[in-house]
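The structure appears right after this line, and notes come after that.
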Amino acid sequence: MAYNLESLIRILHQILRPDNNRWILDPNKRPQMESLLEKASSLKKILDKSSSASGPMTESLMTQIRDAALKAEDIIESHTVDQRLSKPGAQSCVISPPDLQEVIQELDSAMDKLQGILEHGSDGMRNSSFSDAVSSSPDPTSKNTVVGLDEDLIKLKDRLTSLENKLQKIVNWQSTLYQSLTGKRYLVVLDDMWSTKAWDDVKMFFPDNNNRSRIMLTTRVLDVANYVGSLSQYHQMHLLDKFESWNLLQQKVFGEDNCPPEFEKIGRSIASDCGGLPLAIHVIGGLLSEAKRRKDFWGHVANDISSAIAEKDETFYNILALSYNYLPYHLKPCFLYMGTFPEDHEILASKLIRIWVAEGFLKSNGDKSLEEIAEENLKVLVDRNLLMVRERKSNGKAKNYSIHDLLRDLCVKKAAQDKFLHVKNRQVHNVPEGSSYFPRRVSVHQSYRIRDVYGSTEFMSLVRSFLCIGLASRVILSPVFSALRLLRVLDVLHIEFHQFPTEILGLVNLRYLAFSCNSDLPSAISRLWNLQTLIVRSSLFYMYLPSEIWEMPELRHIKFKKTRINIDDAYRKKNVQRKLQTISSTIAEEFQSSCLPMYGVNYQCL
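When we follow the working numbering, the leftmost residue of the sequence shown carries the number 4, and every step to the right adds one.
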């Protein structure tokens with residue numbers, strides 16, 4: 004996937020950049036790393052321009068690209084983590100990653116296949132094209148080769164003839180449509196349009212007869228609606244309220260008849276749990292109308308709406324999946340990450356933004372910060388009706404979001420298929436079987452279930468994000484930390500530690516750390532030299548912030564919850580790192596008047 008390539012490209016840029024004084028790359032390895040960067044960048048550019056390509060062959064190719072990119076990441080990050088842990092106090096490390104030629108060959112192979120699909124479609128015909136026939140010939144003078152070439156030329160001619168016939172049919176259809184509508188008053192409905200290009204391709208075939216003809220267009224994408232008509236010409240649909248949902252469900256199940264009193268209470272509950280989505284109500288209504296009217300069956304449906312829909316109609320999820328399939332590649336990981344959160348969970352905008360930055364989902368364009376790009380991505384997901392703004396700040400910006408339960412189910416389903424995410428909640432108790440299943444992210448929705456993964460160190464060995472979202476508990480995380488050596492995101496804010504968990508200091512790949520601790524931070528926290536976001540919750544009245552924290556080169560955001568920061572005066576003598584953007588806490592007066600503003604740091608008093 005293109006988003007896997009973006010993360011790999013970011014890692015390679017970090018290692019290869021001339022001003023990098025933390026990693027000293029073995030000169031003998033530089034050509035191979037540069038070659039890998041060139042292959043990954045070229046492939047991503049093609050994918051960015053061809054997000055509409057689809058079909059079984061394309062899916063297989065996307066899997067090949069994903070696996071190659073992830074393999075390269077694992078090789079490089081495993082090596083850098085080993086080197087860093089072997090010299091914890093060193094200012095820089097020499098790295099000489101293992102051979103990556105196999106990964107480069109995989110990306111080369113993927114490039115060839117992708118170009119073939121884009122040139123000739125996803126039916127694999129490129130292998131019989133003229134160019135392949137010539138390039139694969141070992142001896143141009145061979146008689147056998149000439150025969151093979153003739154056969155390929157015949158196939159190519161047949162294909163071009165077939166394509167010409169198809170194009171002529173399209174032209175004829177377009178001409179027939181235009182002529183049949185000329186001089187007539189018409190109403191045309193174009194359902195579920197996904198792009199402005201699609202509108203540009205078809206609008207010329209509808210004549211303007213000046214007789215109040217109308218074209219009605221439906222779309223899930225706000226940009227398409229804005230492009231096709233002015234603000235006064237489109238109607239933005241909203242989710243149904245509880246009253247409208249119940250009326251629609253009644254009509255689907257009972258038609259003209261009234262709902263029997265004994266079914267009304269549970270029926271209203273079912274309608275409400277569909278979250279105002281008409282398509283979901285339609286599917287559930289069809290299920291209830293076909294089944295015998297028994298309260299126990301209705302109760303079964305009410306207990307798990309999502310499963311009931313899945314059992315009734317796979318088409319429902321296929322329709323929802325279009326919203327994901329038509330997303331640009333760079334937005335897909337941002338959407339899939341929503342599956343890490345439980346149902347009906349309020350999702351902080353700041354948390355999403357900082358995690359996306361830590362994960363490497365975002366590409367800087369030079370003019371905007373990564374945080375600004377993340378905000379734009381969130382807006383696009385809202386405009387595509389994939390996210391809902393739950394609350395806004397006083398400045399109008401979104402404060403937190405939510406996602407419809409059924410869209411969240413789609414996230415979890417797609418994320419599991421792509422080895423993107425594994426969710427452990429009340430429905431999922433065991434680690435999936437199979438040696439090939441290594442998810443990149445694990446989200447635990449009840450903290451006591453962390454124990455379920457204690458014996459699954461191999462399963463956890465490649466995890467980059469570990470989130471525990473649920474009721475607070477005091478569980479022992481040491482067995483988990485030992486397996487999470489490549490971790491980038493660790494969110495265990497709901498787990499309370501009496502002492503600072505020193506095992507965290509071994510997670511040198513961390514970019515995002517959120518935890519609860521009732522002791523001061525050690526100066527050794529500066530070993531986490533990749534850390535971008537630090538969030539600490541504490542019941543201490545004051546928490547000591549060591550001066551070494553100002554030396555952390557990647558640190559962007561510091562947040563302390565329910566406590567004040569006690570800072571050693573030595574911080575005034577340190578150079579505050581240029582990437583530091585915000586500090587949030589119940590801040591002491593002397594801290595507010597400090598020299599931080601001169602470094603562009605925004606402090607926020609909670």
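Built from N, CA and C at the ideal position, the CB exists for glycine as well.
Per DSSP, which one or two residues make a beta bridge with V539? F518, F563
Simplified DSSP state of H407, which is helix, strand or coil: coil
Going by DSSP, which residues form a beta bridge with W26? Beta-bridge annotation (DSSP): W26 is paired with C96.
Thinking just about the alpha-carbon of each residue, which of I273, F563, P556, I568 is nearest to the one in L583? P556
Span separating the alpha-carbon of L487 from that of I14: Cα to Cα, the separation comes out at about 18 Å.
From S367 to F257, what does the alpha carbon distance come to, in whole angstroms? 55 Å
Which runs of the alpha helix (DSSP H) fall wholly inside the stretch 348-387 and span at least 4 residues, in chain order? 352-362, 373-386
Between I528 and I561, how many whole angstroms is the CB-CB distance? I'm expecting something under 8 Å. The pair is not a contact, with the Cβ atoms about 11 Å apart (cut-off 8 Å).
Alpha-carbon to alpha-carbon, Q108 and S464: 25 Å
V224 and W197 - do their beta-carbons sit closer together than 8 Å? yes
Do R69 and N7 count as a contact pair if the criterion is CB distance below 8 Å? yes
Please determine, among T318, D77, F500, the residue with the shortest C-alpha to C-alpha distance to D523. F500
If you drop the 5 nearest sequence neighbours on each side, which residues of the same chain put their C-beta closer than 6 Å to that of Q104? none
How would you write the range of the alpha helix (DSSP H) that T221 sits in, first residue to last? Here T221 belongs to no alpha helix (DSSP H); instead the beta strand (DSSP E) covers 217-222.
I'd like to check one pair, S405 with V426: are the Cβ atoms closer than 8 Å? The answer is no: Cβ separation not under 8 Å.
Per-residue DSSP class, three states only, for H241: coil
Pick out whichever of N388, S353, E349, H285 has its Cα sitting closest to the Cα of Y329. The option with the nearest alpha carbon to Y329 is N388.
Let me check one thing: in DSSP terms, what residues is R444 bridge-paired to? S468
For Q449 and L121, what's the separation of their Cα atoms in angstroms? 45 Å
Nearest-angstrom Cα distance between P21 and A93? For P21 and A93, the distance between alpha carbons rounds to 19 Å.
Am I right that I78 and W26 are in contact with their C-beta atoms under 8 Å? What's the rounded C-beta distance? A Cβ-Cβ distance of about 15 Å is found for the pair I78 and W26, leaving them out of contact under the 8 Å criterion.
Compute the distance between the beta-carbons of M114 and S216, then report whether it is under 8 Å. no
Give the secondary structure of F246 by DSSP, where H, G and I count as helix, E and B as strand, and everything else as coil. helix
Work out the CA separation of L351 and L513 for me, nearest whole Å. 20 Å
Mind checking whether F209 and L184 have CB atoms under 8 Å apart? A distance below 8 Å separates the beta carbons of F209 and L184.
I287, enclosing alpha helix (DSSP H) - first and last residue: If you look at I287, you'll find it in the alpha helix (DSSP H) that goes 281-293.
Can you confirm whether the stretch 261-270 touches the stretch 288-301 when touching is taken to mean that 3 or more C-beta pairs between the two stretches lie within less than 8 Å? Yes, since at least three Cβ pairs between the stretch 288-301 and the stretch 261-270 fall closer than 8 Å, the two stretches touch.
Quick check on V84: does DSSP put it in helix, strand or coil? helix
Are the C-beta atoms of M207 and some chain C residue less than 8 Å apart? Absence of chain C from the displayed structure is noted, only one protein chain being present.
Using a 10 Å radius around the Cβ and a threshold of 16 neighbouring Cβ atoms, would you call V415 buried or exposed? buried
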